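Asker: Numbering (our numbering), first residue to last: 564 to 750. In this text, a Cβ means the ideal position worked out from N, Cα and C, and glycines have one as well. Remember, predicted model here, so these are calculated numbers, not experimental data. Got a structure here, written out as structure tokens. Questions coming.
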């Protein structure tokens, strides 16, 4: 299975994906890390580029999502039972491309839409701004932009779990495990 954690900046998707990867011993690929790797940058390098500028152009975003998909495909073909992807996946077309690739691999794809309140988002963005090791370049202006442009998953979008992330990561992982929607590999 390919399990995708997606949502707006500071929605908790990376924290949750990292906790799930550690708990389930599954490979995890993150768009922030991949984007910087493709650009030849160290993960913690700050890039406060404008929206759709610098390493955040549409072309670079397409390359980033394609590289994540390539990693997932390679792991699935090598026998990994579960691969985690972590990124905004803000456009339905990006999510559909991933679904199509999973279908070609005869592998289910499930999406966990991570969300939280605006107040919590702003609190997390403030913490991130003070964290010298943060990989994400998410900022309040990016959050405001995403609020206008993000293709929110509708009820008709297949394979989406909606998860409010305003809880401890361990509790969220337990909630996903108890949902029985994710076929976890045998321990």
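Consult DSSP for residue 592 and reduce its assignment to one of helix, strand or coil.
Answerer: Residue 592 sits at position 29 when you count from the first residue of the chain shown. Residue 592 falls in the strand class under three-state DSSP.
Asker: Considering only residues of the same chain and omitting the five flanking positions on each side of residue 596, which have a CB-CB separation below 8 angstroms?
Answerer: In the chain shown, residue 596 corresponds to position 33, counting from 1. The answer, listed in chain order, is 606, 698.
Asker: Based on Cα-Cα distance, which residue from 567, 695, 684, 670 lies nearest to residue 704?
Answerer: Along the chain shown, one-based indexing puts residue 704 at 141. Per the Cα distances, 684.
Asker: If I follow the unbroken beta strand (DSSP E) through residue 567, where does it start and stop?
Answerer: Position 4 of the chain shown, counting from 1, holds the residue named residue 567. Looking at the DSSP string, the run of the beta strand (DSSP E) that includes residue 567 is 565-569.
Asker: Could you tell me the alpha carbon to alpha carbon distance between residue 566 and residue 688, rounded to whole angstroms?
Answerer: For the purposes of this step, residue 566 is taken as the residue at position 3 of the chain shown. For the purposes of this step, residue 688 is taken as the residue at position 125 of the chain shown. Going from the Cα of residue 566 to the Cα of residue 688 covers about 25 angstroms.
Asker: Looking at the structure shown, is residue 628 part of a helix, part of a strand, or coil, going by DSSP?
Answerer: Within the chain shown, numbered from 1, the residue matching residue 628 stands at position 65. In the structure shown, residue 628 sits in a helix (DSSP, three-state: H, G or I).
Asker: Rounded to whole angstroms, what's the CA-CA distance from residue 625 to residue 745? Just pull it up for me.
Answerer: Residue numbering aside, residue 625 sits at position 62 when the chain shown is read from its first letter. Residue numbering aside, residue 745 sits at position 182 when the chain shown is read from its first letter. Cα-Cα distance, rounded: 27 angstroms.
Asker: Which same chain residues end up closer than 6 angstroms to residue 757 when comparing Cβ atoms and leaving out the 5 residues on each side of it in sequence?
Answerer: The question about residue 757 has no answer, for the chain in this structure spans 564 to 750.
Asker: Could you pull out every unbroken beta strand (DSSP E) segment of at least 3 residues lying fully inside the stretch 592-667, listed in chain order?
Answerer: 646-649
Asker: Pick helix, strand or coil for residue 736, following the three-state DSSP scheme.
Answerer: Reading the chain shown from its first residue, position 173 is the one you call residue 736. DSSP, read as helix, strand or coil, puts residue 736 in helix.
Asker: In terms of alpha-carbon separation, which member of 743, 724, 652, 670 lies closest to residue 638?
Answerer: Position 75 of the chain shown, counted from the first residue, corresponds to residue 638. When each option's Cα is compared against that of residue 638, the closest is 670.
Asker: Leaving aside the five residues before and after residue 578 along the sequence, list all residues of the same chain whose C-beta is less than 7 angstroms from its C-beta, in chain order.
Answerer: Counting from one through the chain shown, the residue named residue 578 turns up at place 15. Cβ neighbours of residue 578 beyond the five flanking positions: 732.
Asker: Could you please give me the residues that DSSP links to residue 725 through a beta bridge?
Answerer: To locate residue 725, count along the chain shown from 1; it is residue 162. According to DSSP, residue 725 bridges with 676.
Asker: Apply the 10 Å Cβ neighbour rule to residue 603 and answer buried if 16 or more other Cβ atoms are within range, or exposed otherwise.
Answerer: Residue mapping note: residue 603 aligns to position 40 of the chain shown, counting from 1. Classification of residue 603: exposed, given that the 10 Å Cβ count is below 16.
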